[in-house]
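Residue numbers (my numbering), protein chains in the order written: chain A, -7 to 325; chain B, 45 to 582. A virtual CB, placed ideally from N, CA and C, is assigned to each residue, including glycine. Written below as structure tokens is the structure these notes are about.
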Amino acid sequence: MLVPKRLLTALALTVFGSSAFAADEVVVYSSRIDELIKPVFDAYTAKTGVKVKFITDKEAPLMQRIKAEGQNATADLLLTVDAGNLWQAEQMGILQPLKSDVIDKNIPPQYRSSSHEWTGLSLRARTIAYASDRVKPEELSTYEALADKKWEGRLCLRTAKKVYNQSLTATMIEVNGPQKTEEILKGWVNNLSTDVFSDDIAVLEAINAGQCDVGIVNTYYYGRLHKQKPDLAVKLFWPNQADRGVHVNLSGIGLTKYAPHPEAAKALVEWMTTPEAQAIFAGTNQEFPANPTVAPSAEVASWGNFKADELPVEVAGKRQAEAIRMMDRAGWN
Amino acid sequence: MAHPAQRRWYPLVFVIAALVLLPLSVLLLSWQSIDAQIWSHLWDTQMPRLLGNTLTLIVGVGIGVTLLGVSLAWLTSLCEFPGRRWLDWALMLPFAIPAYVLAFVFVGLLDFAGPVQTLLREWFGMGLRLPRVRSTGGVIIVLILVFYPYVYLLARSAFLAQGKGLMEAARVLGQSPWQAFWRVALPMARPAIGAGVALALMETLADFGAVSVFNFDTFTTAIYKTWYGFFSLSTAAQLASLLLLVVMLVLYGERRARGASRASNERPRVKALYHLRGAKAWLASSWCLLVFACAFVIPMLQLVVWFWQRGRFDLDERYTGLILHTLYLGAMAALITVSVALVLAFARRQAPTPAIRAGVSLANLGYALPGSVLAVSIMLAFSYLDRELVIPVSGWLGGAGKPLLLGSLSALLLAYLVRFIAVAYGPLENSLARIRPSLPEAARSLGVSGPRLFIKVYLPLLLPGTLSAALLVFVDVLKEMPATLLMRPFGWDTLAVRIFEMTSEGEWARASLPALTLVLVGLLPVIGLIRRSAHRIG
Chain A
-7 MLVPKRLLTA LALTVFGSSA FAADEVVVYS SRIDELIKPV FDAYTAKTGV KVKFITDKEA
53 PLMQRIKAEG QNATADLLLT VDAGNLWQAE QMGILQPLKS DVIDKNIPPQ YRSSSHEWTG
113 LSLRARTIAY ASDRVKPEEL STYEALADKK WEGRLCLRTA KKVYNQSLTA TMIEVNGPQK
173 TEEILKGWVN NLSTDVFSDD IAVLEAINAG QCDVGIVNTY YYGRLHKQKP DLAVKLFWPN
233 QADRGVHVNL SGIGLTKYAP HPEAAKALVE WMTTPEAQAI FAGTNQEFPA NPTVAPSAEV
293 ASWGNFKADE LPVEVAGKRQ AEAIRMMDRA GWN
Chain B
45 MAHPAQRRWY PLVFVIAALV LLPLSVLLLS WQSIDAQIWS HLWDTQMPRL LGNTLTLIVG
105 VGIGVTLLGV SLAWLTSLCE FPGRRWLDWA LMLPFAIPAY VLAFVFVGLL DFAGPVQTLL
165 REWFGMGLRL PRVRSTGGVI IVLILVFYPY VYLLARSAFL AQGKGLMEAA RVLGQSPWQA
225 FWRVALPMAR PAIGAGVALA LMETLADFGA VSVFNFDTFT TAIYKTWYGF FSLSTAAQLA
285 SLLLLVVMLV LYGERRARGA SRASNERPRV KALYHLRGAK AWLASSWCLL VFACAFVIPM
345 LQLVVWFWQR GRFDLDERYT GLILHTLYLG AMAALITVSV ALVLAFARRQ APTPAIRAGV
405 SLANLGYALP GSVLAVSIML AFSYLDRELV IPVSGWLGGA GKPLLLGSLS ALLLAYLVRF
465 IAVAYGPLEN SLARIRPSLP EAARSLGVSG PRLFIKVYLP LLLPGTLSAA LLVFVDVLKE
525 MPATLLMRPF GWDTLAVRIF EMTSEGEWAR ASLPALTLVL VGLLPVIGLI RRSAHRIG
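Next up, the structure:
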């Protein structure tokens, strides 16, 4: 296993008791919830003695807090659950480049910011879920095809206010152009069997209960529900395998502009891209590790291999506002 | 011209008003630049629907909480029927349930995929068509069920305070119970009812948690969307300041409708006025029971079921910390907020000059803003103070030159203060109004003045109102989410923070653990609240 040298030094320092290092800490503002990050940070603290303090909230308030703190920053790192918000953070000028050979080696370029201001840590595939007793997988092909008349009254969607749907729409605009995408969105809205839901779990439950036959969800929600209800009559389908691939977003991290502990923060991020941390980070939520050398968990692997969209995830951020306006016009609430 | 003695109140009131004005001016400053693209988009595609939705919600909730609150208060305070003694306080318990919790319990229980509809489909087949749960009607019902206690509490104490003489006089004059209600009790209780409805409507306007579970778009959801989606905090602040304008109109209307409140310190009744019998008694019992079941028993049962299925596996020693933080924040905020509100209420009574009245009204505005918007305005204001004041001054004094406010416990407590002054001010002003001016005058003529006057005369009379105010703030702080999320110091997670984390992931069943704990923690003060105000022997 690959262990960065820095880590070994850190480990050695902890073991042999260096007060200077042990007193070090890293502060993270996170929109990823407590139970999905604490295990990773705890593992890091156990390993290096570096304390990781964090606070959780939604992205927009956290970013505003970083901006308001300015040069008196407390946060070293901003951790989000999607690329669109990281791109926004970059635009707001609250991040700084984090150049590291370790990160460059561990994470493929399409999952990092081209300006090195942030890097992805785990991938989250947003795919089609279908009722296994009422829909044959052959009937499904692409996201776009869900706008087809044959799905009228059979589709369930989550609210357009969720950034995951905004990112999906943004990448569709990039690939299909605005006009075609807007027609597709209108088709989706027309095919809805009921009002949009406030979360992905509710979409899956609705498919399972027979309220609708197909929906679009992030895979880890399926993983969670499946764990609770092993007899779930819902399966996952990988769309667009003949063209661009399944839409993937990412949970990622960026170094704040005025980070008080930039070196310690860099060490933490580098460690988080290593196989050891990747397995915990992605594993706790059944996501796909962003480091391609790390295999996903057995359950995640059981959903099958798929071709993922290789479009740089930054597109999600660039076209987010355009996507929201289009979703509004299409009547997707 | 203000009397010199009156002017003594100016500095205190102005400092408090300035505290509230600080975040509000952040909102107003947002108007410096206008993003025409977002505005025209909102105007073209969103506004008509949002305004329509918001208006429907306000009217629906307003009528609902009035009907529920007043009818229940009338029954439990003036009538005698089976179950009245415990329903009297039980009907206040729903106040401990946060709106966002009732919303996800309601939707989780009753939506298509929930246990109730699943069972019905098993009995009657897939073809069964039931009314949609996530609908305008559904949101309105949920908000009525969580917000009626404001009206109930205030109307109830108003009815109780009316004393026996008046209603008995009405009776002797040949008025039927209905006529007495419409002509005597209701007009006299109108200020209290108005205050309760105003609180409920301000909560409704500011609500984000419950409406987003229903995905019901209101003006407030548009504020959030503009910020979280378009990343235009300034447009969000502009929308919020418009919302504030509406609230100011509502409050102004409420003040106008209230008129001059009359002092009345008759002796409270000790016996019920109307002993209901037969069908009437059963009707009264069933109505109270129905509301209690829908607003409290059923949601609690669902939470317990979820807790047993999923929530209990999350229970660990960290909950001790969560509960302690929650309690500490609630208690500290209650103490500070009530003290400040007491100053305002006294100032307004002793020195009702236009300047004081304006200052007091201003200080009461924080409650109406959506929590997140208020939180971010306070945060911006505090970071400004840190930058411009705290750091230079502490540097000058030879200190570390570090920011003090942002991220500190005191900043969070100040945020609660700004948000909840109005909640404490209402009951305090009411109970102060009930003290006739002749009483302190008499005390003064006997040579009692200053702090001694306050301790010997006012405090005993104000104690009930002060306790009510403190308990209301306490419970509201327990339930508060956005400011806590944004401004809590490291390690200060509360139960509401945990609920946020679970529900933001759609994990309603697991949110049952923090939700149930929160309700249980909130129940004790609520029971205390109602026990204290039950100065009537059944």
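Bounds of the beta strand (DSSP E) holding E17 of chain A are E17 to S22.
As computed with DSSP, H319 of chain B is found in a beta bridge with B:E124. Close CB contacts of A257 of chain A within its chain, under the 6 Å cut and outside five residues either way in sequence, are with V18, D68, L69, L247 and A251 (chain order). Under the Cβ distance rule, L424 of chain B counts among the residues neighbouring chain A, one pair being separated by less than 9 Å.
The DSSP-derived three-state label of P221 of chain B is helix. Residue environment: N474 of chain B is assigned as buried (16 or more neighbouring CB atoms within 10 Å of its CB, all protein chains considered). Per DSSP, N210 of chain A is one residue of the beta strand (DSSP E) stretching across V206 to N210. If you check the CB distance, T211 of chain A and R116 of chain A come in under 9 Å. A check of alpha carbon separations from N408 of chain B across B:L449, B:Y469, B:T180 and B:L379 identifies B:Y469 as the nearest.
For K50 of chain A, the residues of chain B that pass the 7 Å Cβ criterion are Y272, in the order they occur in the chain.
Taking C-beta separations shorter than 6 Å and ignoring five residues to either side along the sequence, the partners of E136 of chain A in its chain run I176, following chain order. Fully enclosed alpha helix (DSSP H) runs of no fewer than 4 residues occupy 253 to 257 of the region 241 to 270 of chain B, in order along the chain. Contact between the region 135 to 145 of chain B and the region 231 to 245 of chain B is absent, with fewer than three C-beta pairs closer than 8 Å. Under the Cβ criterion of 9 Å, S256 of chain B is counted among the residues facing chain A. Closest in alpha carbon position to G182 of chain B, among B:V257, B:A134, B:T547 and B:V501, is B:V257. Residue pairing from DSSP places A300 of chain A in a beta bridge opposite A:V238. As summarised for the region 136 to 184 of chain B, the continuous alpha helix (DSSP H) elements at least 4 residues long and confined to that stretch are 143 to 154 and 159 to 168, given in chain order. In terms of CA proximity to L87 of chain A, A:G244 leads the group A:G244, A:N297 and A:A290. The way I'd put it, the region 272 to 281 of chain A doesn't touch the region 45 to 58 of chain A; fewer than three beta-carbon pairs between them come closer than 8 Å. Among the residues facing chain B, V206 of chain A is not included, as its CB has no counterpart in that chain under 9 Å away. L448 of chain B is not a Cβ neighbour of M531 of chain B, given a cutoff of 9 Å. Contacts between M91 of chain B and chain A, judged by CB atoms closer than 7 Å, are missing: the closest CB pair is about 11 Å apart. Residues of chain B with a Cβ closer than 7 Å to the Cβ of K45 of chain A are, in chain order, F534. Using a Cβ distance threshold of 9 Å, A300 of chain A and V209 of chain A do not count as a contacting pair. In the three-state reduction of the DSSP assignment, V44 of chain A falls in the strand class, which pools E and B.
Rounded to the nearest angstrom, the gap between the Cα atoms of W79 of chain A and G85 of chain A is 10 Å. Considering only beta carbons, the part of the region 132 to 156 of chain A lying closer than 7 Å to chain B consists of T151 and K153, in chain order. Taking 7 Å as the cut-off between beta carbons, the residues of the region 148 to 166 of chain B near chain A are F156, A157 and T162, in sequence order. At least one beta carbon of chain A lies nearer than 9 Å to the beta carbon of M170 of chain B. Under the DSSP definition of a beta bridge, S243 of chain A partners with A:S114. In this structure, DSSP gives L568 of chain B a helical state, which the three-state scheme calls helix. Runs of the alpha helix (DSSP H) spanning 4 or more residues and lying entirely within the region 501 to 552 of chain B occur at 503 to 523, 526 to 531 and 539 to 547, in chain order. Its chain contains V467 as the residues whose beta carbon lies nearer than 6 Å to that of L516 of chain B, once the 5 sequence neighbours on both sides are disregarded; these appear in chain order. Taken residue by residue, none of the region 118 to 132 of chain A has a beta-carbon sitting less than 9 Å from a beta-carbon on chain B. When C-beta atoms of the region 430 to 442 of chain B are compared with those of the region 282 to 296 of chain B, fewer than three pairs fall below 8 Å, so the two segments do not count as touching. Your pair I99 of chain A and N283 of chain A checks out as a contact, with CB atoms roughly 6 Å apart and the cut at 8 Å.
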